[in-house]
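Structure first, commentary second.
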Amino acid sequence: MSRREYREAPLDTERLLAQLLCQYENTPGGLLPLLHAVQEDLGYVPPESIPAIAEVMNLSAAEVHGVISFYHDLKTSPVGRHTLQVCAAESCQAAGGRTLEHAAQEQLGIGFGETTDDGSVTLEKVYCLGNCACSPSVRIDNETYARLDATGLTALIANIGQGEGAS
């Protein structure tokens with residue numbers, strides 16, 4: 050079941066977390082796979098789950114928190130059904146990325162790190178999508194869009210949530 054399906058159904062977080070902890074308990078180097086599994090199923094890694102994760106992985110809570118905070122894709126609070134990431138790396142900035150940043154914030158009515166009131170979109174600033182030759186770029190969920198201008202981004206944002214995702 051994907052995270053979007055879980056968000057639409059009541060969660061039994063404790064039961065799900067217990068299953069995942071058992072599944073990854075004896076996996077060498079299992080912390081990242083466990084964190085990704087928790088996030089995939091719940092949409093984020095609940096802060097209250099960190100002590101249990103640390104215990105099962107034989108780590109300190111600080112070590113687990115350090116890993117979560119290091120990887121920008123791991124979240125400790127719920128995010129929108131869709132994620133819009135605007136690249137702020139040098140290549141994208143030089144090709145008009147700041148215009149995209151402003152356009153996204155204006156159209157969605159939120160700042161970076163925030164989610165729209167209806168829970169549909171979380172806006173994030175990231176520092177490289179690995180698409181420098183085609184700057185400026187954004188990513189919506191798992192799809193990257195290149196050589197965008199404000200008009201193109203506005204059209205993409207308007208399509209978020211229609212059908213299965215942005216197209």
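Heads up: the sequence shown runs through residues 50 to 216, numbered per this note's numbering.
Heads up, the beta-carbon is just placed ideally off N, CA and C, and yes, glycines get one too.
Alpha-carbon to alpha-carbon, residue j and residue i
{"i": "L65", "j": "A144", "result": "44 Å"}
{"i": "H131", "j": "A103", "result": "29 Å"}
{"i": "L157", "j": "H114", "result": "30 Å"}
{"i": "R56", "j": "V135", "result": "Unreliable placement is indicated for R56, whose pLDDT of 45 sits below 50; the coordinate value is still reported in the next sentence. So the two alpha carbons sit approximately 24 Å from each other."}
{"i": "Y194", "j": "T171", "result": "17 Å"}
{"i": "N107", "j": "A67", "result": "16 Å"}
{"i": "V94", "j": "S186", "result": "27 Å"}
{"i": "Y176", "j": "A207", "result": "24 Å"}
{"i": "L133", "j": "R196", "result": "16 Å"}
{"i": "E173", "j": "D167", "result": "17 Å"}
{"i": "G92", "j": "L84", "result": "11 Å"}
{"i": "P127", "j": "A182", "result": "33 Å"}
{"i": "E112", "j": "D90", "result": "22 Å"}
{"i": "D198", "j": "C141", "result": "11 Å"}
{"i": "L149", "j": "E163", "result": "16 Å"}
{"i": "A110", "j": "K124", "result": "16 Å"}
Opposing strand residues paired with residue i [DSSP bridges]
{"i": "R188", "result": "Q134 and T193"}
{"i": "T171", "result": "T132 and T164"}
Buried/exposed call for residue i, threshold 16 Cβ in 10 Å
{"i": "C71", "result": "exposed"}
{"i": "L81", "result": "exposed"}
{"i": "G146", "result": "buried"}
{"i": "A86", "result": "buried"}
{"i": "S184", "result": "buried"}
{"i": "N191", "result": "exposed"}
{"i": "N180", "result": "buried"}
{"i": "S98", "result": "buried"}
{"i": "T76", "result": "exposed"}
{"i": "Y120", "result": "exposed"}
Any non-hydrogen atom of the ligand GDP within 8 Å of residue i CB
{"i": "P185", "result": "This structure lacks the ligand GDP; in fact it carries no ligand of any kind."}
Complete alpha helix (DSSP H) runs within the segment 50-115 (minimum length 4 residues, chain order): 52-57, 62-73, 80-91 and 99-105
Any 3 or more C-beta pairs closer than 8 Å across the segment 147-155 and the segment 188-208: yes
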